[in-house]
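What follows is a single structure, written as structure tokens, with notes after it.
Chains as they are written, first to last, in our numbering: chain G, -16 to 96; chain Z, 3 to 116.
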């Protein structure tokens, strides 16, 4: 079945450590996204990538970094510079046709202790 | 820049009744797409319904329908015959036809009262 996988579902890290969240898709989608979700804030865009080896900052990119070396993969690194990293992180992708629906992974809950 | 506003943080409806969730957006573009997503307690985002701005006819998916008012920049979601499984967070979203960026509202939490 085609879809988006995110792992792990729950992640715990100590303050000051970098952590990388995985996102893989087998939908052959060009565009991929990372969102952060906090209570009462909806989904806020961190980074998105429209093609391999290219990505753009979203609204809250500070303290995060991404790479897009393969079409299928779009990992997100939460660095120690992110002041409040505890949140729910959603990865998504979208097809190339205009108006295509965005597909979402199951999300990763990151807790920084 | 485009914005999406959901003015109702929470709503409640009696089971089997009808409820309408509001969404307004701001854009200077004429061609775009609008979506409603549902996020149940599992937190998996699920597409409920989509609307192309160039279509005048309101989209419908079973018990879910929209009232799309392009001039007013309004895109409300109506849920008929509400069921317990409809309890979730609902997000309105906007996508321009010029790029791949998608703008989400802050969401409306819907409670279904048995």
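Note that beta-carbon positions come from the ideal geometry of N, C-alpha and C, so glycine has one too.
With distances taken from CA atoms, which of G:91, G:12, G:89, G:92 is nearest residue 53 of chain G?
Ranking G:91, G:12, G:89, G:92 by Cα distance to residue 53 of chain G puts G:12 first.
Apart from the five residues on each side of it in sequence, which residues of its chain come closer than 7 angstroms, Cβ to Cβ, to residue -5 of chain G?
Cβ neighbours of residue -5 of chain G beyond the five flanking positions: 94, 96.
Mind checking who residue 37 of chain G pairs with in its DSSP beta bridge?
In the DSSP output, where bridge partners are listed per residue, residue 37 of chain G has G:34.
Return the chain-ordered list of same chain residues with a C-beta closer than 7 angstroms to the C-beta of residue 44 of chain G, the five sequence neighbours on each side being excluded.
Result list for residue 44 of chain G: 29, 30, in chain order.
Roughly how many angstroms lie between the CA atoms of residue 61 of chain G and residue 53 of chain Z, to the nearest whole one?
Roughly 35 angstroms separates the two Cα atoms.
With distances taken from CA atoms, which of G:66, G:67, G:65, G:49 is nearest residue 59 of chain G?
Measuring from the Cα of residue 59 of chain G, the nearest candidate turns out to be G:49.
If you reduce the DSSP assignment to three classes, tell me which class residue 4 of chain G lands in.
It is a strand residue.
Report the option in G:41, G:40, G:4, G:21 whose CA atom is closest to the CA atom of residue 56 of chain G.
Closest by alpha carbon: G:4.
For residue 0 of chain G, does the count of other Cβ atoms within 10 angstroms reach 16, so buried, or fall short, so exposed?
By the neighbour-count rule (16 or more Cβ atoms within 10 Å), residue 0 of chain G is not buried but exposed.
Could you list the residues in the segment 45 to 63 of chain Z with a C-beta less than 7 angstroms from some C-beta on chain G, going in chain order?
Flagged, chain order: 45, 46, 47, 49, 52, 54.
What residues in the segment 48 to 65 of chain G bring their beta carbon closer than 7 angstroms to a beta carbon of chain Z?
Residues: none.
Could you check where the beta strand (DSSP E) with residue 95 of chain Z kicks off and where it finishes?
It spans 90 to 98 - the beta strand (DSSP E) in which residue 95 of chain Z sits, taken as one unbroken run.
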